[in-house]
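Numbering (our numbering), first residue to last: 127 to 299.
Yeah, the Cβ is synthetic: ideal placement off N, Cα and C, and Gly gets one too.
Notes follow the structure.
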């Protein structure tokens, strides 16, 4: 009967270390980020292509800005992943994300030019509406006789300011 020698290597030596596992989790998290941002860029591009109103385009542009900001925060990681020879990064490459974001930027530019005339007419009507609302509010302020009238004006003022706040990005662009 042959006796096998006792293994010289511990089973624990064969298992990956906590640092290696942590590194894998970080890489997978970064790859998931790239996939999520690529999908988000595709979604925004489709929304931009189907936009029929300049207001929709402004919201899409805001979302695009957020996407670009998040990507710039992760830019160093994306750069490191692009330089690796890891087969996973070939599937989820940061270069693909950059291409998608550039396509989105081009689509937004084209759609902005297409809807520019609509923006001008909407802008003029919004400014006219706000001007009329401010004139009405000014007349109400001039005719105040009691504290209750002051309170009632605050509701109108709140509504007007909220509406201007919602459209400020639209008017500013």
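Sequence-distant residues of the same chain with beta carbon closer than 8 Å to residue i, five excluded per side
i: residue 177; result: 183, 186, 237 and 241
i: residue 263; result: 279, 282, 283 and 286
i: residue 171; result: 226, 229, 230 and 233
i: residue 272; result: none
Helix, strand or coil at residue i according to DSSP, with G and I counted as helix
i: residue 274; result: helix
i: residue 269; result: coil
i: residue 260; result: helix
i: residue 172; result: helix
i: residue 178; result: coil
i: residue 234; result: helix
i: residue 283; result: helix
i: residue 292; result: helix
i: residue 81; result: The structure shown does not extend to residue 81, since the chain is modelled only from 127 to 299, so the question has no answer here.
i: residue 252; result: helix
i: residue 241; result: coil
i: residue 216; result: Bear in mind that the predicted position of residue 216 carries a pLDDT of just 49, short of 50, making it unreliable; the figure below should be weighed with that in mind. Helix at residue 216.
Same chain, Cβ closer than 7 Å to residue i, neighbours up to 5 away in sequence not counted
i: residue 269; result: none
i: residue 293; result: 252
i: residue 91; result: Residue 91 cannot be examined here, being either before or after the span of the chain that is shown, 127 to 299.
i: residue 166; result: 193
i: residue 168; result: 226
i: residue 276; result: 270
Chain D within 8 Å of residue i, Cβ atoms only
i: residue 255; result: In the displayed structure, chain D is absent; only one protein chain is listed.
Beta-carbon proximity list for residue i, same chain, < 6 Å, skipping 5 on both sides
i: residue 259; result: 286
Closest by C-alpha distance to residue i, when choosing among the options
i: residue 289; options: 256, 266, 168 and 235; result: 256
i: residue 174; options: 291, 272, 239 and 277; result: 239
Heavy atom of the ligand GTP within 7 Å of residue i beta-carbon
i: residue 267; result: In the structure on display, the ligand GTP does not appear, and there are no ligands present to speak of.
Within the chosen definition, does the region 247-255 reach the region 184-195 through at least 3 CB pairs nearer than 8 Å? no
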